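Written out below as C-alpha cells is the structure these notes cover.
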Amino acid sequence: MITTLTGAVLLGLLGGLLGNLLLLRRMALLGDMMSHSLLPGLCVGFILAGYTKNYFYLFLGASFSALLANILNEWLLKQRPFKSDATLAILISGFYAIGALLIGKLSKEHGTELAGIKGYLLGQAALIQESDILPISILLLISVVFISLFYKRLILSIFDTQFLTFVKQKPRVFLLLSTTLIVFALLVSLQMVGAILAASFLLIPAAISLFLSPHLHRRFVYSALCGALIGACGTYLSSLGDRLPTGPLIVLCGFTLFILAATLGPHKSTLSVYLKKRELQKIRLEENILRAAYFFYEKNEGPVSVLNLMSRSSENRDIPATRRALRHFLKKNIFKEEAPGQYSLTNHGETVARSILRKHRIWETFIVKKLGVSPERAHDSAEVYEHYLDEEILRTIEKEVPTQKDPHGKKIPQDEGERE
Amino acid sequence: MSSEFVIFLTGCSVALSAVILGTYLNISRQSLLGDALSHSLLPGLVLAHLVTGELNPTALFFGALIAGLATGYVIEFIGKRFRVREDIAMGITFTAAFSLGVLLLVRYANKSHIDTDCLLFGNLLFVPLEESFFSFSFLKHIPMTLFQSSVISLLSVFFYFLLHRPFMNLLFHENSFKLSQLPGNFLKSLFLTLVSLTIVFGFKAMGALLVFGLFVIPVGIGRIFNKSFLGISTVGFCSAILSLWIAIRLSFNYDLSPSAAWISLLFVMFITVFLVSKIPRRRDRALKEHST
Chain A
67 MITTLTGAVL
77 LGLLGGLLGN
87 LLLLRRMALL
97 GDMMSHSLLP
107 GLCVGFILAG
117 YTKNYFYLFL
127 GASFSALLAN
137 ILNEWLLKQR
147 PFKSDATLAI
157 LISGFYAIGA
167 LLIGKLSKEH
177 GTELAGIKGY
187 LLGQAALIQE
197 SDILPISILL
207 LISVVFISLF
217 YKRLILSIFD
227 TQFLTFVKQK
237 PRVFLLLSTT
247 LIVFALLVSL
257 QMVGAILAAS
267 FLLIPAAISL
277 FLSPHLHRRF
287 VYSALCGALI
297 GACGTYLSSL
307 GDRLPTGPLI
317 VLCGFTLFIL
327 AATLGPHKST
337 LSVYLKKREL
347 QKIRLEENIL
357 RAAYFFYEKN
367 EGPVSVLNLM
377 SRSSENRDIP
387 ATRRALRHFL
397 KKNIFKEEAP
407 GQYSLTNHGE
417 TVARSILRKH
427 RIWETFIVKK
437 LGVSPERAHD
447 SAEVYEHYLD
457 EEILRTIEKE
467 VPTQKDPHGK
477 KIPQDEGERE
Chain B
307 MSSEFVIFLT
317 GCSVALSAVI
327 LGTYLNISRQ
337 SLLGDALSHS
347 LLPGLVLAHL
357 VTGELNPTAL
367 FFGALIAGLA
377 TGYVIEFIGK
387 RFRVREDIAM
397 GITFTAAFSL
407 GVLLLVRYAN
417 KSHIDTDCLL
427 FGNLLFVPLE
437 ESFFSFSFLK
447 HIPMTLFQSS
457 VISLLSVFFY
467 FLLHRPFMNL
477 LFHENSFKLS
487 QLPGNFLKSL
497 FLTLVSLTIV
507 FGFKAMGALL
517 VFGLFVIPVG
527 IGRIFNKSFL
537 GISTVGFCSA
547 ILSLWIAIRL
557 SFNYDLSPSA
567 AWISLLFVMF
577 ITVFLVSKIP
587 RRRDRALKEH
597 ST
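Chains as they are written, first to last, in our numbering: chain A, 67 to 486; chain B, 307 to 598.
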C-alpha cells in the first residue's frame, strides 16, 4: 500500500511536470499517440528477447518505436497537407494496428508468455513493487534538473525556435530530449495505469494547471502537485474495496479535479470570469454615477437625487445597485448626503469625478476631430471608452487634439498636475 | 456466398461510411474525434450489459450509441464552457470515459462475456459465422454485421448527397448556414450519430481502435493526391478496398488478424505514397533551378 502510494505520487509529479511541455506544443494528444506507439515496440522487444518477458528488451523496443513515431510525426507535420490532428490520428491508428497485428500473431503461438504484455494495454493495476520506485524517482530527479536548468531554452524551443537558432542553440535537441523524457515517463507508468491511460497522467494535471495560474513557471509546479494529488487520491480510493483498479480511479479523480478547477479555479475558470465581469460592471456603474454627479455640479444645481444621477447614463438602469454604489461612495467621502435622498459631491469627490469627465470629453473630441465621427455618435462611444482610458493615453490624445472645449461646446477639465 | 466474399463486403461497407465521414473530420481538423469516440464506447457497452444482464445486441447497440453521443456533447461542452482547446477537451473526456468503462468492467462485470480482446482487436473472421438479421429467402445468408454496416454506409452516402452543402457551411461558414434556416444542432447530432454508429457496427468486426484507423488513414492517402472532397473520399475508398483485398489474402495465407493487417497495410501504404509523392517535387525544383 505504502509502496503503491509512493509510486503513484511520484508518477503524478513526473507526469504533471512533463505534461506541460506537451500542452505548450499544442499537442495535448501527443502523449496518447506515444503511448499507443509503444505497443509494436513491446512486441518486437518480446520477439528479440526470444519470446520471454525481458524488461531490458521490452523497454528498448518500446522506447525505440515511440521515438520513431515522434520523428514521423515531426516529419509529416513539416509537409504541407497535414495538420497536427491528422498526423497524430494516422500515427495512433497505424502504430496501434501494427501492434495489434503482432499481438494477434504472437498470442497464437506464445499466448502464455504474452499475457503480461497484453496487461500493459489496459493496465493491470498491479501493485507497484519496491524495485520500481527507484527508476521512477531517478527519472523524476532527472526531469526536475533538466527542466529547471534549461527552463528558458525549453520554452523558447517551443515558442520561438528562430530566436533560439539565432543565439546558436539547437531547438531540435531540446525537443528530442524532452520527448525522450516523456517516453521514459510513459514506460514507467505503463505498469500502473496501462498504455491507454498512461497518457492521461501527462494530460490531465497540465490541463488542471491551466486554471490555476497565468504564469508558466507556476503552472509547472502546480501541475506536478496536482499530479501527485490525484495519484494519492486514486490510490487511496482503490484501497477501499475489492477489485478497484488504481489506474482508472486516478484518471477519474483527475477528471473530477479538472471539472472543479475549471469551475472554481483562480484563473479563467467559470467562477473567476464571472467575478471579474461583476467587478467590471461595478466599476462602470460607479464611474457613470460620478460623471452624472459632475454634470450637475458643473451646472451648480445643488444636491441631486438617485434618479437624477441615473438619468445621465443610458446603461445605468439598476436602482438598488446605484443605491449600493452611493452608500459605498458615502463611506469613502466622495459624496455627502445633504438631505435624505439628496446627494452632492465633496471636494475630494469633485476631483475624482472630474478625471472621469475629462476622459469622456477628450475621447469625444478625439474621435470627432481626428476620426470624423459625428458629435451625436461620439457621446455613445465615449460612454464605453471612458472606462478603459488611462492617464498616459489621455495625455497622448490631448497632444494630438489640443483644445479646451469638447464637440458639444463644454469645457474639458484640465489635468490635475497642469492646473497647479 | 463464400466467407471470403462476405468479409470483403463487410469491410467495404464499413470503409465506405468511415471514409466519407472521416473526410469531414479531416477537413474540419477533428480527426481525433474518432479516437475519442472509439475509446468512450466502452462504458456504454459495459453499462448496457450490466443493466440488461446479458449480451443483448440491441441493448449493447443503444448503450454504445448513447455513450458516443454523450462523449461528443461533453467534449463540446468542456471546450466551449471552460474555453479550453478542443484537443485538451477531447483527451480529458475520452480518457475519463475509458477509465470509467475499465472500472465498471473490472468491478462489476469481471466474469461477464465482454471480451476486452474483442473491443481492442475485433475479428473479421467471425462475421460469416454470424446469424442473419432476416429469416427468409436469400437474405438469411447475410450476416448481421454486414447488414448493419451496409445500412450505415448507405446512410452516410445519403448524408453526403443530401446534406453536404449545408454541413460544409455549418463547419466553415456559419453565416451562410444561418441563411439556410436548417437546424444546426440537429445536423451536428446527425453527423455525430453516424460516426458513432459506424464505430459501433465496425468495432465488432474490427476492434474499436482499428475502425478509427479506417476514418483517418485512407483520408490521409486521399489528401496527398487531392484537395476536393470527392477526390479525397474516392482515392481514400479505393485505397481502402485495395488494401482490404490484399489483407484478406495475406491473413488467410499467414494466419493473421485481417482487420489489424488491413490497417497496418493502409499505414504502410500511406507512408510509401507519401514518400513517393515527395520525389517528383524535388525533381521539379531541381529543374526549376537549372532553368533559371
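Heads up, the beta-carbon is just placed ideally off N, CA and C, and yes, glycines get one too. Predicted, not measured: the structure shown is a model, and the values here were computed from it.
Once the 5 residues before and after residue i are set aside, which same chain residues still bring their CB inside 6 Å of it?
{"i": "phenylalanine 518/B", "result": "Gly340, Asp341 and Ser344"}
{"i": "serine 103/A", "result": "Ser131, Ala132, Ala135 and Phe161"}
{"i": "leucine 90/A", "result": "Ile224"}
{"i": "glycine 407/B", "result": "Leu348, Pro349 and Val352"}
{"i": "isoleucine 274/A", "result": "Cys292, Leu323, Phe324 and Ala327"}
{"i": "arginine 378/A", "result": "Ala358 and Phe361"}
{"i": "leucine 124/A", "result": "Leu108 and Gly111"}
With distances taken from CA atoms, which of the options is nearest residue i?
{"i": "isoleucine 523/B", "options": "Phe507/B, Phe453/B, Cys544/B and Gly374/B", "result": "Cys544/B"}
{"i": "phenylalanine 465/B", "options": "Gly513/B, Ser495/B, Asn481/B and Leu452/B", "result": "Ser495/B"}
{"i": "lysine 584/B", "options": "Ile325/A, Arg146/A and Asn354/A", "result": "Arg146/A"}
{"i": "phenylalanine 552/A", "options": "Ala391/A, Gly407/A, Arg390/A and Gly415/A", "result": "Outside the modelled stretch of chain A, which goes from 67 to 486, sits residue 552/A, for which no answer is possible."}
{"i": "proline 449/B", "options": "His596/B, Phe497/B, Gly317/B and Trp551/B", "result": "Gly317/B"}
{"i": "valine 605/B", "options": "Phe509/B, Ile530/B and Val501/B", "result": "Residue 605/B lies beyond the stretch modelled for chain B, which goes from 307 to 598, so this question has no answer here."}
{"i": "arginine 284/A", "options": "Asn374/A, Ile164/A, Leu318/A and Ser214/A", "result": "Ser214/A"}
{"i": "glycine 73/A", "options": "Leu318/A, Gly300/A and Leu310/A", "result": "Gly300/A"}
{"i": "lysine 435/A", "options": "Ser421/A, Arg461/A, Thr469/A and Ala405/A", "result": "Thr469/A"}
{"i": "serine 338/A", "options": "Ser279/A, Leu200/A and Gly407/A", "result": "Ser279/A"}
{"i": "histidine 470/B", "options": "Ser319/B, Val312/B, Leu322/B and Thr329/B", "result": "Thr329/B"}
{"i": "phenylalanine 509/B", "options": "Leu488/B, Ser539/B, Leu452/B and Pro472/B", "result": "Leu452/B"}
{"i": "phenylalanine 400/B", "options": "Gly374/B, Val390/B, Arg413/B and Phe314/B", "result": "Gly374/B"}
{"i": "valine 457/B", "options": "Leu488/B, Leu322/B and Asn332/B", "result": "Leu322/B"}
{"i": "arginine 350/A", "options": "Val372/A, Leu241/A, Tyr454/A and Tyr340/A", "result": "Tyr454/A"}
{"i": "isoleucine 398/B", "options": "Phe122/A, Leu172/A, Lys174/A and Asp98/A", "result": "Asp98/A"}
{"i": "leucine 515/B", "options": "Ser266/A, Pro369/A, Leu306/A and Ile158/A", "result": "Ile158/A"}
{"i": "lysine 92/A", "options": "Ile113/A, Leu154/A and Ile137/A", "result": "First, the amino acid is wrong: residue 92/A is arginine here, not lysine. The option with the nearest alpha carbon to arginine 92/A is Leu154/A."}
{"i": "serine 357/B", "options": "Ile547/B, Leu411/B and Pro472/B", "result": "Residue identity check: residue 357/B is valine in the sequence provided, not serine. Ranking the options by Cα distance to valine 357/B, first place goes to Leu411/B."}
{"i": "threonine 462/A", "options": "Trp429/A, Lys348/A, Ile164/A and Thr417/A", "result": "Trp429/A"}
Using the C-alpha atoms, what's the distance from residue j back to residue i?
{"i": "glutamate 345/A", "j": "lysine 398/A", "result": "18 Å"}
{"i": "tyrosine 379/B", "j": "glycine 127/A", "result": "38 Å"}
{"i": "leucine 572/B", "j": "alanine 298/A", "result": "42 Å"}
{"i": "leucine 203/A", "j": "phenylalanine 478/B", "result": "In the sequence as presented, leucine is not what sits at residue 203/A; that position holds serine. In a straight line, the C-alpha of serine 203/A is about 48 Å away from that of phenylalanine 478/B."}
{"i": "glutamate 196/A", "j": "isoleucine 221/A", "result": "35 Å"}
{"i": "serine 621/B", "j": "arginine 555/B", "result": "The requested residue 621/B does not occur in the structure, where chain B is confined to residues 307 to 598."}
{"i": "aspartate 151/A", "j": "isoleucine 505/B", "result": "19 Å"}
{"i": "histidine 333/A", "j": "tyrosine 560/B", "result": "57 Å"}
{"i": "serine 447/A", "j": "leucine 356/A", "result": "18 Å"}
{"i": "glycine 107/A", "j": "tryptophan 141/A", "result": "20 Å"}
{"i": "glycine 396/A", "j": "glutamate 352/A", "result": "One detail in the question is off: residue 396/A reads as leucine in this sequence, not glycine. Spanning the two alpha carbons is a distance of roughly 12 Å."}
{"i": "asparagine 139/A", "j": "alanine 290/A", "result": "27 Å"}
{"i": "proline 311/A", "j": "serine 304/A", "result": "6 Å"}
{"i": "isoleucine 199/A", "j": "glutamate 382/B", "result": "39 Å"}
{"i": "glutamate 403/A", "j": "leucine 392/A", "result": "10 Å"}
{"i": "serine 319/B", "j": "valine 312/B", "result": "11 Å"}
{"i": "alanine 166/A", "j": "glycine 513/B", "result": "10 Å"}
{"i": "tyrosine 302/A", "j": "leucine 71/A", "result": "8 Å"}
{"i": "phenylalanine 282/B", "j": "isoleucine 316/A", "result": "As displayed, chain B neither begins before 307 nor continues past 598, which places residue 282/B out of reach and without an answer."}
{"i": "arginine 335/B", "j": "isoleucine 459/A", "result": "41 Å"}
{"i": "asparagine 382/A", "j": "serine 371/A", "result": "14 Å"}
For residue i, collect the residues of the same chain with a Cβ closer than 8 Å to its Cβ; drop the 5 residues on either side in sequence, then sort them by chain order.
{"i": "serine 335/A", "result": "Phe277, Ala327, Ala328 and Thr329"}
{"i": "glutamate 466/A", "result": "Phe432 and Lys436"}
{"i": "threonine 246/A", "result": "Ser129 and Leu133"}
Return the chain-ordered list of same chain residues with a C-beta closer than 7 Å to the C-beta of residue i, the five sequence neighbours on each side being excluded.
{"i": "arginine 427/A", "result": "Asp472, Lys476 and Ile478"}
{"i": "glutamine 454/B", "result": "Phe507"}
{"i": "threonine 227/A", "result": "Pro237"}
{"i": "alanine 592/B", "result": "none"}
{"i": "proline 441/A", "result": "Val434, Pro473 and His474"}
Secondary structure, beta strand (DSSP E): runs of 3+ residues fully inside the segment 376-427 of chain A
401-405 and 408-411
In the segment 329-351 of chain B, which residues sit with their C-beta less than 8 Å from some C-beta in chain A, listed in chain order?
Asn332, Arg335, Gln336, Ser337, Leu338, Gly340, Asp341 and His345
What residue ranges within the segment 220-259 of chain A form continuous alpha helix (DSSP H) runs of no fewer than 4 residues, ordered along the chain?
227-232 and 237-259
Complete runs of the beta strand (DSSP E) confined to the segment 509-545 of chain B [at least 3 residues]:
none
Residues of the segment 517-537 of chain B whose Cβ lies closer than 7 Å to any Cβ of chain A, in chain order
Phe518, Gly519, Val522, Ile523, Gly526, Arg529 and Ile530
Selection of the segment 280-313 of chain A by Cβ proximity to chain B, strictly under 9 Å
Gly307, Asp308, Arg309, Leu310, Pro311 and Gly313
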